[in-house]
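336 is the number that full-length UniProt numbering gives the last residue of the sequence shown; the numbers go up by one with no jumps.
So the structure is just underneath, and the comments pick up after that.
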Amino acid sequence: MTEIRYPFGKTVPIETAAKITPEILWLRMPLPFILNHVNVWLLKDTDGWCAVDTGVSWDGGKACWEKHLEKYHLARQVVTHYHPDHIGLSGWLEEKTGAPLWITQGEYLSALAYRNQSGNYSVDATIRLFESHGLDNPRLEALRERGNAYANGCPLIPATFHRLRNGEFIHIGEHVWEVIVGYGHAVEHASFYCRKLNVLISGDMLLPSISTNIPVMASSPEGNPLKDFLDSIREYRKLPEDTLVLPSHGRPFIGIHSRVGFLEEHHRKRCEAVLSACSVPRTACEILPILFEKDITDAHQCLFAMGEAIAHLNYLEKQHKLEKREKNRRIRFVTA
């Protein structure tokens with residue numbers, strides 16, 4: 001399989017914008033996490049610039065935007081999905097510039113639900129889910145103490161939005177972009193493809209060097225997001241292999257088919273390892289060392305890891321390769 005290649009430099013300085021094409025600029029926004037940046041793409045619009053994603057709400061991100069807004073008039077915000085590093089500063093930017101929000105309905109409603117801790121979109125519901133899948137008390141307590149981190153990263157959501165739909169075409173400046181909705185990483189994640197430029201803005205659905213988090217959420221504990229994700233990324237094979245992919249993390253790359261193939265193989269191997277480990281009944285917590293090389297102690301990383309462990313178990317259970325057993329309020333899986 002052909003290796004992917006990187007037509008641009010390793011990174012772009014935070015203080016400046018790199019030119020992808022005359023109509024596309026690359027901003028590397030800082031994040032206060034282990035994953036220390038998110039890419040924001042500025043697209044030349046009719047009366048200014050359209051930002052694809054915004055970064056998380058924190059002083060470093062706002063300071064970075066302040067510098068860029070001195071040079072680039074923001075006319076519109078297009079957000080790929082509801083995670084705080086993508087939508088977190090949308091409310092602040094709307095108040096500052098008047099730029100309206102464009103997003104899918106599923107992502108907008110998810111943002112509101114997590115921001116407001118509605119129903120099972122809450123920290124308490126997540127803790128109950130992870131407890132049933134065997135997470136130990138110290139890590140449960142760390143999640144409890146972390147509280148509603150979503151609201152910290154996304155304190156203000158615009159009161160209105162323009163709805164994006166799968167398969168529709170939106171005009172941004174002189175170019176037309178097709179909306180491609182994907183599932184598994186988020187409820188209704190939007191990517192954008194411009195045929196004339198042969199450019200895909202992939203968001204988090206297709207990253208060059210790390211694998212996208214694919215979590216089961218407390219609002220849908222029986223969900224099958226791994227199947228949804230794999231089905232979604234296979235749709236990218238319909239695009240040309242030489243498509244320039246602009247991801248949310250890491251460098252722009254070429255080799256879309258190769259990357260899809262790598263991710264398919266990556267999850268196939270993980271599923272094989274999970275099946276082998278489940279020759280005896282295992283909780284999701286017990287397979288964390290099978291799926292992740294490092295010990296998962298940080299609450300932020302634990303949230304991702306547990307959701308993804310459950311996702312792999314649900315995927316295999318729905319294929320009838322694993323059998324789910326529930327006893328004493330603990331859920332375990334064993335080879336069928």
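By construction, the Cβ of each residue, glycine as well, lies at the ideal position given by its N, Cα and C atoms.
Treat the numbers as computed from the prediction; the structure is a model and nothing was measured.
Exercise. Please name the residue, chosen from His189, Glu131, His175, Glu174, that lies closest to Tyr108 on a Cα-to-Cα basis.
Key: Locating residue 108 in the sequence shown gives position 108, where the first residue counts as 1. Per the C-alpha coordinates, the member of His189, Glu131, His175, Glu174 positioned closest to Tyr108 is His189.
Self-check item: Straight-line Cα distance separating Thr16 from Phe229
Solution: Your numbering for residue 229 matches position 229 in the sequence shown. Your numbering for residue 16 matches position 16 in the sequence shown. C-alpha separation (whole angstroms): 34 Å.
Quiz prompt | Alpha carbon of Arg5 to alpha carbon of Ala99, nearest angstrom | solution = For the purposes of this step, residue 5 is identified with residue 5 of the sequence shown, where counting begins at 1. For the purposes of this step, residue 99 is identified with residue 99 of the sequence shown, where counting begins at 1. Their Cα atoms are separated by approximately 34 Å.
Quiz item: Is DSSP giving Cys194 helix, strand or coil here?
Solution: Residue numbering aside, residue 194 sits at position 194 when the sequence shown is read from its first letter. Note: Cys194 maps to strand in three-state DSSP.
Exercise. Within its chain, find whatever has a CB closer than 6 Å to the CB of Ile172; leave out the 5 residues flanking it on each side and keep chain order.
Key: As a position in the sequence shown, residue 172 is number 172, starting the count at 1. So the list reads Leu43, Asp45, Cys50, once near-sequence residues are dropped.
Quiz item: Roughly how many angstroms lie between the CA atoms of Leu288 and Asn328, to the nearest whole one?
Solution: Working through the sequence shown from its first residue, we reach residue 288 at position 288. Working through the sequence shown from its first residue, we reach residue 328 at position 328. Rounded to the nearest angstrom, the two C-alpha atoms are 21 Å apart.
Quiz prompt | Inter-stretch contact at 8 Å, needing at least 3 Cβ pairs: the segment 301–313 / the segment 208–223 | solution = yes
Quiz item: Whole-angstrom Cβ separation of Leu101 and His162, contact assumed at under 8 Å?
Solution: What you label residue 101 is simply residue 101 of the sequence shown in a count that begins at 1. What you label residue 162 is simply residue 162 of the sequence shown in a count that begins at 1. Rounded, the Cβ-Cβ distance is 7 Å, consistent with contact.
Self-check item: Continuous alpha helix (DSSP H) stretch holding Trp49: start and end
Solution: To locate residue 49, count along the sequence shown from 1; it is residue 49. Careful: Trp49 lies outside any alpha helix (DSSP H), inside the beta strand (DSSP E) at 48–52.
Quiz item: Between which two residues does the beta strand (DSSP E) carrying His73 extend?
Solution: Along the sequence shown, one-based indexing puts residue 73 at 73. For His73, no beta strand (DSSP E) encloses it, and the DSSP letter there is neither H nor E.
Exercise. Determine which residues share a DSSP beta bridge with Ile103 and list them.
Key: Position 103 of the sequence shown, counted from the start, is the residue given in the question as residue 103. According to DSSP, Ile103 bridges with Arg163.
Quiz item: Which word fits Val280, buried or exposed, when buried means at least 16 other C-beta atoms lie within 10 angstroms of its C-beta?
Solution: Residue 280 sits at position 280 when you count from the first residue of the sequence shown. That one is exposed.
Quiz item: What span of residues does the alpha helix (DSSP H) with Glu94 cover, start to end?
Solution: Indexing the sequence shown from 1 puts residue 94 at position 94. 90–97 is the extent of the alpha helix (DSSP H) around Glu94.
Practice problem: Measure the beta-carbon distance from Leu33 to His249 and round it to whole angstroms, keeping in mind my assumption that it falls under 8 Å. | Solution: By one-based count along the sequence shown, residue 33 stands at place 33. By one-based count along the sequence shown, residue 249 stands at place 249. For the record, residue 33 in the displayed sequence is Phe; it is not Leu. At roughly 11 Å, the Cβ-Cβ gap does not stay under 8 Å, so Phe33 and His249 are not in contact.
Exercise. Note down the Cα distance separating Ile201 from Pro208, rounded to an integer number of angstroms.
Key: By 1-based counting over the sequence shown, the position of residue 201 is 201. By 1-based counting over the sequence shown, the position of residue 208 is 208. Rounded to whole angstroms, the gap between the alpha carbons of Ile201 and Pro208 is 12 Å.
Exercise. Select from Thr335, Leu303, Cys302, Arg330 the residue whose C-alpha is nearest the C-alpha of Lys318.
Key: As a position in the sequence shown, residue 318 is number 318, starting the count at 1. The shortest Cα separation from Lys318 among Thr335, Leu303, Cys302, Arg330 belongs to Thr335.
Quiz item: Using a Cβ-Cβ cut-off of 6 Å (strictly less than) and excluding sequence neighbours within five positions of Glu272, which residues of its own chain qualify?
Solution: As a first step, residue 272 must be located in the sequence shown, where it is residue number 272. Excluding residues within five positions, none has a Cβ falling inside 6 Å.
Exercise. Tell me whether the beta-carbon of residue 340 lies closer than 8 Å to the beta-carbon of Ile331.
Key: The structure shown does not extend to residue 340, since the chain is modelled only from 1 to 336, so the question has no answer here.
Quiz prompt | Pair within 8 Å by beta-carbon distance, His86 and Val38 | solution = As a first step, residue 86 must be located in the sequence shown, where it is residue number 86. As a first step, residue 38 must be located in the sequence shown, where it is residue number 38. Yes, the pair counts as a contact, with Cβ atoms nearer than the cut-off.
Quiz item: Comparing alpha-carbon positions, which option in Ser110, Val274, Ala305, Tyr183 lies nearest Lys227?
Solution: Counting from one through the sequence shown, the residue named residue 227 turns up at place 227. Closest by alpha carbon: Tyr183.
Self-check item: Residues near Arg139 in its chain [Cβ-Cβ closer than 6 Å; skip 5 each side]
Solution: Counted from its first residue, the sequence shown places residue 139 at position 139. Excluding positions up to five away in sequence, the list reads Cys302.
Quiz item: Just the Cα atoms here: how many angstroms apart are Gly88 and Phe253?
Solution: Counting from 1 along the sequence shown, the entry for residue 88 is found at position 88. Counting from 1 along the sequence shown, the entry for residue 253 is found at position 253. The alpha-carbon atoms of Gly88 and Phe253 are separated by roughly 26 Å.
Quiz item: Near Asp242, which residues of its chain fall below 8 Å by C-beta distance, leaving aside the five closest residues on each side in sequence?
Solution: What you label residue 242 is simply residue 242 of the sequence shown in a count that begins at 1. Excluding sequence neighbours, Asp242 sits near Asn198, Ile254.
Quiz item: Which of helix, strand or coil does DSSP assign to Leu42?
Solution: In the sequence shown, counting from the first residue as 1, residue 42 sits at position 42. Of the three classes helix, strand and coil, the one that applies to Leu42 here is strand, per DSSP.
Quiz item: With respect to the alpha helix (DSSP H) encompassing Pro225, which residues constitute its N-terminal and C-terminal limits?
Solution: Within the sequence shown, numbered from 1, the residue matching residue 225 stands at position 225. Going by DSSP, Pro225 is part of the alpha helix (DSSP H) stretching over 225–234.
Quiz item: Does the Cβ-Cβ distance between residue 337 and Arg115 come in under 8 Å?
Solution: Any question about residue 337 goes unanswered here, given that the chain covers just 1 to 336.
Exercise. Enumerate, from N- to C-terminal direction, the unbroken alpha helix (DSSP H) stretches of 4 or more residues contained entirely within the segment 126–158.
Key: 137–146, 149–153
Practice problem: Locate the alpha helix (DSSP H) running through Gly255, then write down its first and last residues. | Solution: Here residue 255 is taken as the residue at index 255 of the sequence shown, counted from 1. Note, Gly255: premise wrong, no alpha helix (DSSP H); not H, not E.
Quiz item: Since Glu293 is in the alpha helix (DSSP H), which residue starts that stretch and which ends it?
Solution: Here residue 293 is taken as the residue at index 293 of the sequence shown, counted from 1. Run containing Glu293: none; DSSP gives neither H nor E here.
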